[in-house]
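**Student:** In this note's numbering, the protein residues as written are -19 to 162.
1) For my contact list, residue 151 and residue -19 are in at a C-beta cut-off of 8 Å; report their separation, rounded to the angstrom.
2) Just grab the DSSP bridge partners of residue 48 for me.
3) Quick one: measure Cβ to Cβ for residue 64 and residue -9, integer angstroms, because I've assumed they're closer than 8 Å.
4) Return yes when the Cβ of residue 128 is within less than 8 Å of the Cβ of residue 138, no when it is not.
5) Hey, out of 24, 144 and 14, whose CA is closest to residue -12's CA?
6) Relative to the alpha-carbon of residue -4, which residue among 4, 55, 109 and 42 has its alpha-carbon at the smallest distance?
7) In the DSSP output, which residue or residues are listed as bridge partners for residue 111?
8) Report the residue from 7, 121 and 107 whose alpha carbon sits nearest the alpha carbon of residue 45.
9) When the Cα atoms are used, what is the spatial distance from residue 1 to residue 25?
10) Report the residue from 42, 18, 62 and 53 whose alpha carbon sits nearest the alpha carbon of residue 32.
11) Across which residues does DSSP place residue 74 in a beta bridge pair?
12) Going straight from the alpha carbon of residue 49 to that of residue 68, what length do you get?
13) Less than 8 Å separating the beta-carbons of residue 97 and residue 5?
14) Name the DSSP bridge partner or partners of residue 39?
15) Excluding five sequence neighbours on each side, which residues of the same chain lie with their C-beta closer than 7 Å to the C-beta of residue 74?
16) Give the C-beta separation of residue 53 and residue 40 to the nearest angstrom, bearing in mind that I take them to be a contact with Cβ-Cβ under 8 Å.
17) Does DSSP put residue 160 in a helix, a strand or coil?
18) Please name the residue in 82, 9, 109 and 18 whose C-alpha comes closest to that of residue 160.
What follows is the structure, given as structure tokens:
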């Protein structure tokens, strides 16, 4: 759901040096944002995005070019098994988004895994990070309203964008009842 924020943790059951990355490729960058934590201008490292288990000289570096954007992840020889890295993901637009996970010891060109997210219109109409009775009240306010159109779609309550707030929209709304976006 647009507005949803997720945390991605990279963990390992090995205790050795490792390099890899998490990236968006091509148009997928239009649907989500991948971010790291606590950038240090002196070390040029996102220090808040690696845990102690990744080793005492672990690093997280932002990389962006015309094809990809994301982060390179580097553990260190002193790494131990456990949680190594943490990045944040935010769904920003309706559509499909893919975040690719690379293990550079296997391939620099092909991901070993891809996380695919399908973003739908938000049900959190008042943007308070939860889908609850306040949002239901907004849906009720527009109930059976016709003539909903782009870009507002009756304050977002016409979830299937057919021009009318009806039982189909209520069904779509109920699918995310009590969900949180953070």
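Beta carbons: idealized from backbone N, C-alpha and C, even for Gly.
**Tutor:** With the structure as the only source:
1) Approximately 15 Å separates the beta-carbon atoms of residue 151 and residue -19; this is outside 8 Å, ruling out the contact.
2) BP columns for residue 48 point to 5.
3) Confirmed, Cβ separation roughly 6 Å.
4) Yes, the Cβ-Cβ distance between residue 138 and residue 128 is below 8 Å.
5) With distances taken between CA atoms, residue -12 lies nearest to 14 out of 24, 144 and 14.
6) Among 4, 55, 109 and 42, the Cα nearest to that of residue -4 is on 55.
7) In DSSP, residue 111 forms no bridge with anything.
8) Nearest C-alpha to residue 45: 7.
9) If I take the Cα positions, the gap works out to 14 Å.
10) Comparing Cα-Cα distances from residue 32 to each of 42, 18, 62 and 53, the minimum goes to 62.
11) DSSP output for residue 74 lists no bridge partner at all.
12) Going by the C-alpha atoms only, they are around 14 Å apart.
13) Their beta carbons are not under 8 Å apart, which means residue 97 does not touch residue 5 by this criterion.
14) Residue 39 is bridged to 54.
15) Setting aside the 5 residues that flank it on each side, residue 74 is surrounded in the same chain by -18, 99, 100 and 101, each with a C-beta closer than 7 Å to its C-beta; the list follows chain order.
16) Right, the Cβ-Cβ distance comes to about 6 Å (below 8 Å), so this counts as a contact.
17) Note: residue 160 maps to strand in three-state DSSP.
18) Comparing Cα-Cα distances from residue 160 to each of 82, 9, 109 and 18, the minimum goes to 109.
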